[in-house]
Amino acid sequence: SSGAGQPSIAQPSLPRITVPICAEERQMKRFTPASVDNGFDVFSNYGLAIVPGVFGAGQAKQLLAELRERALQPLLDRFKALGLTLDDPIEFKEVMHRDGNRLDSTYRVRDCLKATGLEEKVLHNGFIEPLVTAFLGASPGQQAQVQGTCAGVTLLRCGVVWCYPTDPKARPDLANGSARSNASEGRQGKHQGWHRDSPALFENDHRALPGHDGNAFRLPCHGLNVFIPLVDIDTDDIGPTEFLATTHKDSHADVASEVILSGGRALTDETPEELQTLRPLLNAGDVALFDYRLLHRGRANRSKRLRPVLYLTYGREWYNETTFRDRVSIDSDAAPAMARQYIRMGPRGAELGAAADAAEPEEDGSSYGHPHFTLDYESLIAETEGEHKHREEAQIYRGLLRIRNAADVVARFIRVLRSQDLRNAKNATIERIKEKLREEAAARADGADFTTPVEDFRLANALYEVLVSGLEDLLDEQGLPHTKVAALALMAYLKEQSAAAGLPSHAASLEGAFVAFWNGGLGLGTHKWWHPNPVDISSSNAKDQVLVVAFSSLGSGLVRPEWRGTLRQVIDTMRDVHYHHQQNESLHVDVLHVMDPSVSWWQSNPASLEGGGEDAAVNEAARTWQGFDGAFGPLLRQEIDAAAARGAKIFVLADSMGGTGALLSLKFLPAAASALIFTPQTDITNYPACKRTDFSAKQKSAIMSDIRSSLGACNARVRVHYGRDCEEDIEQVQLLKDAGLTEIDAGDAGVGKGDQHQAVVAHAYDDHVLSVHLKDQGLLGGIVRREIEALLGHHQN
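For the sequence shown, the residue numbers in this note's numbering are -19 to 777.
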């Protein structure tokens, strides 16, 4: 059979890719050297080898039963506790949702094998281990078995792909009492996109080397997968894995990409005869081994049965896979927040409604931050298939697979991001939508403090258009389409290749240059002034002056000025109550909005990357990170000192990531100042929203010591509010308590019981968005007003 978007199926006789087990070997429970040599030839030629009957039907059944009970059921229980379903685009460290209702999970799998005594039978199986050792080039004489590895070989992952039927009626009830089906898939479901689990690490195209043919030059395998089906995959309905034979060779992968892109109509006389789509039907306990570089895809499970496949991923001892390293654990304290984010990102997100999105700013991550910081280019490309853009998906894969010199493409990508032409195009685009934003900002006079995700998405789309336009030449040279997904996938692929090649500075510099481009979207830079004063009130004729330093949170990913709604309400109320709108009895307020557009928790200033020109060197990661004092110290010292010199009182206001900046700024405050901070982060070493790959653990840890030093040098009044039932924030305020801040109860009004000069104020609340909750309760304005009035020596009426 054949279908659109795939090569024509030319199923060869399976013995060509089969390594049989003879009677003598079954008795020995191990392959002979001759069979290993035969397997090596099969694997080298096709990138794939099938070994029938490694495990008997009874063994496979036992494996499945144990894994269901000890690995799958606890995972489903965790899903239910987090409110997750099969539709949600989850990407936890132990489990991720792949196309077609697949849960790729390592959750408790290795523990299950150890606890049941099955680990030895699987990891050190006499029919699997010798082939893995041979295929990955380890010396046959080195068979030292240590923690599931043999000499020269490393076990990278041990997991199960639990592929559920596309029919929702045949799936389990995962959460909230109902099973869900992704409407875009329908009853027939969809196949995965063709993909490699890893590209070639180095030049692997024999055509580039004169005098060599395809058999004379081929890089050996650096990683492979071992698939062990736990049920019979004996019909097309249940969705057997398809392989494009020989595409572990780059030249054949290029040809296959052309075939995929053309919908199966590009077969010519020059197409390699062995380049065929193989769809082997396997019994439970059979084993399939295939090269990481082999193009393959899982087909949709249109049966009524679960399709579980146990897999082992091996690599050479020097190969390190980083795809899952920085993801949040599903068992961690951060998992509930990440689960909420995944639900919003998935098909159920629309059900939450725009009002709910506006009411709860995303403090735990950014909808647009993830594709900017990921190395997982395959997941980015998969978005095109979800939108039925199969040709675009294939074109992107083809273009990425053809990149031979990633370092050169990284340098050119950075030059585009830093170019004056791109900055000019960005500024012109933003100017065209600024007037609309001004109108909408004026309409938010009802007291909103945060911009809506809708506004951020509009800005983001405009920036993507500018980015794609600026990258046109580079995209054309790689044969990539002019789309957002192609641009982001190219960036992710280049970072992944740089990391794999041991060049993390290249990935860091590319990410830093992108952040500098992206977050300059509104021309805001790192600060913006706001003067909420009547025209007849100036600092010279006012009785009282206040400088409000408002640090912005991460929000929806595009940092913006915050707190204007509450500040406007508080200032107007105070003028009515205390100043009666008389010029000689007036209140003058200046607001300095301070922002961290680099999502660096105040350690980086993107302006530091300006001025290098288009020919700046690629390795500039060190210039990106100046620490708080270098990035924001000069601005804050200058403005705070100037305000204090003219008699103004200093009031600091912040939330979440902004709270981190506020804590770091305390050392700059005079004694006659006040800071009001909500749910700050003090420890971001494992914080899920902190996704920059060039943000080192050392830099993150330094923030904690800097906060301690800042607190120690501060004589100003400090109030830090948090929810005493929110585990995330309980951990974050512990550093402040250890530094000497006394905890007091918030009380009914939320302002805190007691007159302690520096205190942590505990509220009966269980989520990170405390400021939003207090505003909903009508308490936030009163808390802010109370602090400013105390600063000015007023008694609250």
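C-beta: ideal position from N, C-alpha, C; glycine also.
Just so we're clear, the structure is a prediction, and the values are computed from it rather than from any experiment.
Exposure label - residue i; buried when at least 16 CB within 10 Å
i, result
"residue 117", "exposed"
"residue 126", "In this prediction, residue 126 scores a pLDDT of 33, lower than 50, which makes its location untrustworthy; no coordinate-derived value is stated."
"residue 81", "buried"
"residue 6", "exposed"
"residue 619", "buried"
"residue 722", "exposed"
"residue 811", "Not covered by the structure: residue 811. The range shown for the chain is -19 to 777."
"residue 345", "Confidence is the limiting factor: at residue 345 the pLDDT is only 33, short of 50, which leaves the residue's position unreliable, though a coordinate-based value still follows. Per the 10 Å Cβ criterion, buried."
"residue 401", "exposed"
"residue 568", "buried"
"residue 509", "exposed"
"residue 577", "buried"
"residue 441", "exposed"
"residue 685", "exposed"
"residue 626", "exposed"
"residue 8", "exposed"
"residue 773", "exposed"
"residue -1", "buried"
"residue 2", "exposed"
"residue 511", "exposed"
"residue 236", "buried"
"residue 598", "At residue 598, the pLDDT of 38 sits below 50, so the modelled position is not reliable; the number obtained from the coordinates is stated separately. Buried is the call here."
"residue 758", "exposed"
"residue 36", "exposed"
"residue 412", "exposed"
"residue 53", "exposed"
"residue 727", "exposed"
"residue 79", "buried"
Residue i: CB within 7 Å of a non-hydrogen atom of the ligand GTP
i, result
"residue 532", "Ligands in the displayed structure: none, and consequently the ligand GTP is not present."
Extent of the continuous beta strand (DSSP E) run through residue i
i, result
"residue 388", "No beta strand (DSSP E) contains residue 388, which is instead part of the alpha helix (DSSP H) from 386 to 398."
"residue 570", "567 to 574"
"residue 58", "Careful: residue 58 lies outside any beta strand (DSSP E), inside the alpha helix (DSSP H) at 53 to 62."
"residue 703", "697 to 703"
"residue 656", "653 to 658"
"residue 530", "524 to 531"
Unbroken alpha helix (DSSP H) run spanning residue i, endpoints
i, result
"residue 490", "484 to 498"
"residue 88", "Note, residue 88: premise wrong, no alpha helix (DSSP H); not H, not E."
"residue 778", "Because the chain is modelled from -19 through 777, residue 778 falls outside the range shown and cannot be assessed."
"residue 7", "3 to 8"
"residue 644", "637 to 645"
"residue 315", "315 to 325"
"residue 115", "109 to 115"
"residue 464", "464 to 480"
"residue 456", "452 to 457"
"residue 756", "750 to 756"
"residue 170", "Segment: none, residue 170 is in no alpha helix (DSSP H) and carries neither H nor E."
"residue 102", "99 to 103"
"residue 149", "Where residue 149 is concerned, there is no enclosing alpha helix (DSSP H), given that its DSSP letter is neither H nor E."
Paired residues, beta bridge with residue i - DSSP
i, result
"residue 276", "175 and 223"
"residue 138", "292"
"residue 742", "702 and 725"
"residue 507", "574"
"residue 205", "270 and 293"
"residue 76", "71 and 84"
"residue 584", "605"
"residue 540", "Its beta-bridge partners do not exist; DSSP assigns none."
"residue 620", "DSSP lists no partner for residue 620."
"residue 632", "529 and 655"
"residue 546", "Note: residue 546 sits in no beta bridge, so no partner."
"residue 553", "The partner list for residue 553 (beta bridge, DSSP) is empty, contrary to what the question assumes."
"residue 133", "296"
Rounded Cβ spacing between residue i and residue j (contact assumed at less than 8 Å)
i, j, result
"residue 223", "residue 115", "Actually they are not in contact, since the Cβ atoms of residue 223 and residue 115 sit about 15 Å apart, beyond 8 Å."
"residue 299", "residue 203", "6 Å"
"residue 448", "residue 462", "5 Å"
"residue 273", "residue 384", "That belief does not hold up - the Cβ atoms of residue 273 and residue 384 are roughly 15 Å apart, past 8 Å."
"residue 768", "residue 741", "Wrong, their Cβ atoms sit about 16 Å apart, outside the cutoff."
"residue 137", "residue 310", "No, residue 137 and residue 310 are not in contact; Cβ-Cβ is about 16 Å, not under 8 Å."
"residue 84", "residue 139", "6 Å"
"residue 650", "residue 664", "Between residue 664 and residue 650 the Cβ distance is about 28 Å, and since that is not below 8 Å, they are no contact."
* **Inside the segment 16 to 48 only - beta strand (DSSP E) runs reaching at least 3 residues** => Runs of the beta strand (DSSP E) inside the segment 16 to 48: 28 to 31.
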